[in-house]
Structure formats: C-alpha cells, structure tokens
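A short write-up of the structure that comes next.
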Amino acid sequence: MLDVKLFEMKAFLPMPYEEALSPRLKLAHEKLQKGSGAGGEFTGWVHLPREYDKEEFARIEAAASRIQSHSKALVVIGIGGSYLGARGVIDCLCSPNYNLKKKQTPNVYFVGNGLSSDALQEVLDLVAAEDFSVNVISKSGTTTEPAVAFRFFRAALERKYGKEGARARIYATTDKSRGALKSLADAEGWETFVVPDDVGGRYSVLTAVGLLPIAVAGVDIRALMDGAAQMMALCAEASYECPAWRYAAIRYELYRAGRSVELLACYDPAFRFMSEWWKQLYGESEGKEGKGLFPASVDFTADLHSMGQYIQEGKRLMFETVVRLGPSDCRLCVPMDTSDGDGLNFLAGESLDFIRDRAMEGTLLAHTEGGVPNIIVEAGGKTAEALGQLIYFFEYACGLSGYLLDVNPFNQPGVEAYKKNMFALLGKPGYEDQKAVLEAKLHK
Ligand code: PA5
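Numbering that gives the first Met the number 0 puts the first residue of the sequence shown at 0, with every later residue one more than the last.
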C-alpha cells in the first residue's frame, strides 16, 4: 500500500504541527466527504471508485475491445484534464515508447492539446495509411484546441470510411446533456461517454475521460479502479493514518514556513506525464487569490545534471516530493569488462535498480543537507492497482490542501483570462469591443 514518509523534517519544522492542524484537516475532510465546502458540487470524484456507473464502465470495456479489434491507432483529442491523466497512465504503465513497441494493442496518439500545425499534421500523416478511431474528449464541448483538431480528424475519417463508416469509429466523451460536442454527437449518432456533472476536468481520469484510452492501450482498468477504491477507503478514515492527510499537512506547513515551490521528482522517465497531470491538478486547484505552492517537476537522474545545481545551492524556495515507484519490470546488471577501462568493474553484477536506489539515497542526503526538505511517496510498484492508489491519493490530498489554504479547489477562474483575449483577437462574434482595445495595446 502507498505510504508517505518524511526525511529529517525536524530540521525544517522543529515544532510538532500534527495536533494543531488536526481540527482543520478534519474540517477539510468533512467538506470533501459531504460536498459541503466551496465547490462542493464538484466532489463526485470522492466516492467515484465505488460509485461509478457500472453500465457505462462495461460500455467502455466493450468500446475498447472494438477499437482494439478494428484499429491500429486511436487518436485521443483533448486538453488539460481531458488529456493528461490518460497520457500519464499509459506512459507510466505501457512506456513512453508505447507507440514504437511491437504489441497487440493499437497505438495511442494525443492531439488537440495545443495549436501546432506541425504536431497535428504529423499525426494525420502517421494514421493516414492505417485503420484508426477517434476519441474526442471535452467536458464543456467548446474548448478551441480539441474542437479545431477534431475537425481535421473527423474529415480524415469520413474521407477514408465514408460518413457511415466514420460513425462507428468516433467516440465522444463529454457532458451528458450540454455543449456543442454533445449536440454534434447526438445529431451524428456517435457513441458517447459521460463526464459526470460533479467531476471537474482535472479530477476526471477515473471516468470515461481517462478510462477509454487507457483500456485501449491494454491496461486493466478494473485494477486501476480497485487501487483507487483501496485508497478511498483509507482516506475515509479521518486521521494521520491516511497518507493523504500526512502529505497535505506537511506540504501546508512547509508552505506556511515560507516554501513556495513544490518539486515533484521521480527516478523513472515513464512517470513524466504523471507529473504533468499532477502539476495541473495542484496548479489549478491551489493557485488562486495570490496563494498556493507553485508545482514543478523534475525527472531524476537526468535533471540532477541540469536542475540539480539549483536545487542544491540556489534560492531556498522549494521542497521536494519524491515518488518512488519501486522495482523495475526487468533486471539489468552491469556487465563485467576485463579491461575495466572505464573503472566501472566495482559495479559489475549490480543491477541498475541497485545503482538508482543509491543515487536516490545520495540525492536525498545531499538535498536535505543543502536545505531542501524531502517528502517521500512510496508508490509500491508500476502496476495499475498501485497507480490507482496514487491517483486517488494525490486527488484527495489536493482537495484537503485547497481547503487548508481556504480556496475553492474545484474552480479555475484564471483560465478564462487568456481565452477571452484570444477570442477577441480572433474576431469571435460577441467580442468586437475588446478586439479594438486589445489590438491598440499590442500595437502601441
Ligand atoms: O481541469 C479543467 O477543468 C481543465 O483543464 C479542462 O480539463 C480543460 O480546459 C479542458 O476542458 P474541456 O474538457 O471542457 O475541453
């Protein structure tokens, strides 16, 4: 089971804080459990691992099997919370090189998460000669980036298979009744999956948003949900026995003690997109009203050779949260070389995991000595079940953290500012007045 450990924390927080913080954590916990806090209408994810729609879950599994049987590729169109969770889980459990591997399951391409012509064209070219399907994901159904990308892929499908054939290859994951995507899907007869009203984008990986692409990649989504349900049961206990309590409490205390950056570190490159998912989760949930830790991430050991200098000796802004995934799937040992020209024979026969673990310990000691507090999250393995635990753990701790900070962890008012400007500059009907004002500012 996932666990949270603190290393030498007394050097950074000499006063015991657990008892004093306990009543506030209890309050935050109650708000999450009862949906009674700010944004309480978006706490559907809290009980989701047990209370999900079983009929829809079976449809997700059936759709995944169908896609696996007739497609060589699935194009997943979505951005932010409608993208990062699925990508994180697939990279982590199936490898960042998943699409390059020999396998029975389809390649999975992610598009509509930016506005690059080159990136879009590349995937259009990659799937052109293959049988492919599309999963377009947008809770609002109106987000510009995925909507633009979908136009291209829908047209490509219709050219290839005709309108009728394309219909059987388009899956829309969106609101149950509202939005342009829902209206389109109903009009065109595409199969739809629901982003529940009470689950916001960044908390939606364990709904159809994440589950359909993850299942297509061959991951056991029942094991993922089981893992999440195990963590849900632990989080229902209102005490420091719950690892999410310990994590939320310590990061809040470090924030109060002046730390402004949390660096999520992992020693497995496959975790990179889980870190991206985590950054959105915490950045959008906490960063408001002039408050919140800035969530950043590093890939170790690679970034020890770049960011390592700053972490060791730069401005003392940050603390680290190190995710330890556990043993690698394969065991590679350093080969013996009789000439020992590189002087590495002292490691001959040792596994890379052994060397990595010593690098991890050495870094922990060095960074702590350098004034960077370390939290360790023992994730317990690179399995669907362990990742389900980790996802729920981070979500629950994020909800608690938002309420400890006294912000609404479930809205994202700041995201609208750039959109309004973009729409005005693009000449979207209804934004005419702002267009002139913004252009004058840009060109003065
Ligand atoms: O967490 C969020 O709400 C956002 O990141 C959204 O997921 C993102 O903006 C995409 O929105 P939508 O799913 O409505 O297209």
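Note that beta-carbon positions come from the ideal geometry of N, C-alpha and C, so glycine has one too.
Just to check, is the beta-carbon of R86 closer than 7 Å to a non-hydrogen atom of ligand 1? no
Straight-line gap, N407 to V414 (C-alpha atoms, nearest Å): 14 Å
Of all the options A186, Y170 and L183, which has the alpha carbon lying nearest to the alpha carbon of F192? Y170
Which of the three DSSP states is assigned to A173 in this structure? Note that residue 173 corresponds to Thr in the displayed sequence, not to Ala. Note: T173 maps to strand in three-state DSSP.
By DSSP, does I374 sit in helix, in strand, or in coil? Residue state, collapsed to three classes: strand.
Helix, strand or coil, according to DSSP, for R166 in the structure here? Looking at R166 - three-state DSSP - the assignment turns out to be helix.
With burial defined as no fewer than 16 other Cβ atoms inside 10 Å of the residue's Cβ, what is the status of P15: buried or exposed? exposed
Same chain, Cβ closer than 7 Å to L303, five either side skipped, listed in chain order: T362
For M317, name the three-state secondary structure that DSSP assigns. strand
Straight-line Cα distance separating F318 from L205: 29 Å
Between V75 and I136, is the Cβ-Cβ spacing less than 8 Å? yes
Determine the DSSP secondary structure at T191, reduced to helix, strand or coil. strand
DSSP bridge partner residues for I136 (one or two, in chain order): T172
Alpha carbon to alpha carbon, what distance is there between G80 and G200? 4 Å
What do you reckon, is the C-beta of V414 under 7 Å from a heavy atom of ligand 1? yes
So, under 8 Å CB-CB, L262 and S296 are touching, yes? Tell me the CB distance rounded to an integer number of Å. Rounded to the nearest angstrom, the Cβ distance from L262 to S296 is 7 Å, consistent with a contact under 8 Å.
Proximal residues to V322 (C-beta, below 6 Å), its chain only, five neighbours per side dropped: C265, V376 and A378
Any non-hydrogen atom of ligand 1 within 7 Å of S137 CB: yes
Can you give the Cα-Cα distance for C49 and G34, rounded to whole angstroms? One detail in the question is off: residue 49 reads as Arg in this sequence, not Cys. Spanning the two alpha carbons is a distance of roughly 17 Å.
Express the C-alpha separation of S238 and V198 in angstroms, rounding to a whole number. 25 Å
Alpha-carbon spacing of A214 relative to V110, whole angstroms: Going by the C-alpha atoms only, they are around 18 Å apart.
Between T283 and ligand 1, is the CB less than 7 Å from at least one heavy atom? Just to set this straight, residue 283 is Glu in the shown sequence, not Thr. The answer is yes for E283.
May I have a chain-ordered list of the beta strand (DSSP E) segments no shorter than 3 residues that lie completely inside the region 76–113? Within the region 76–113, the runs of beta strand (DSSP E) that reach at least 3 residues and sit entirely inside it are, in chain order, 106–110.
Does the count of Cβ pairs from the region 49–59 and the region 85–96 closer than 8 Å reach three? No contact exists between the region 49–59 and the region 85–96.
Would the region 219–239 count as touching the region 349–364 if we require 3 or more Cβ pairs under 8 Å? no
Inter-residue spacing [alpha-carbon to alpha-carbon] between F409 and D336: Whole-angstrom Cα-Cα distance: 56 Å.
At what residues does the alpha helix (DSSP H) containing S400 begin and finish? A383 to L403
On a CA-only basis, which of L12, L26 and E17 is nearest L403? Give me that one, please. L26
Would DSSP call L262 helix, strand or coil? The answer is strand: DSSP assigns L262 an E or B state.
Residues that C329 bridges to, as DSSP identifies them: According to DSSP, which records beta bridges pairwise, C329 is partnered with nothing at all.
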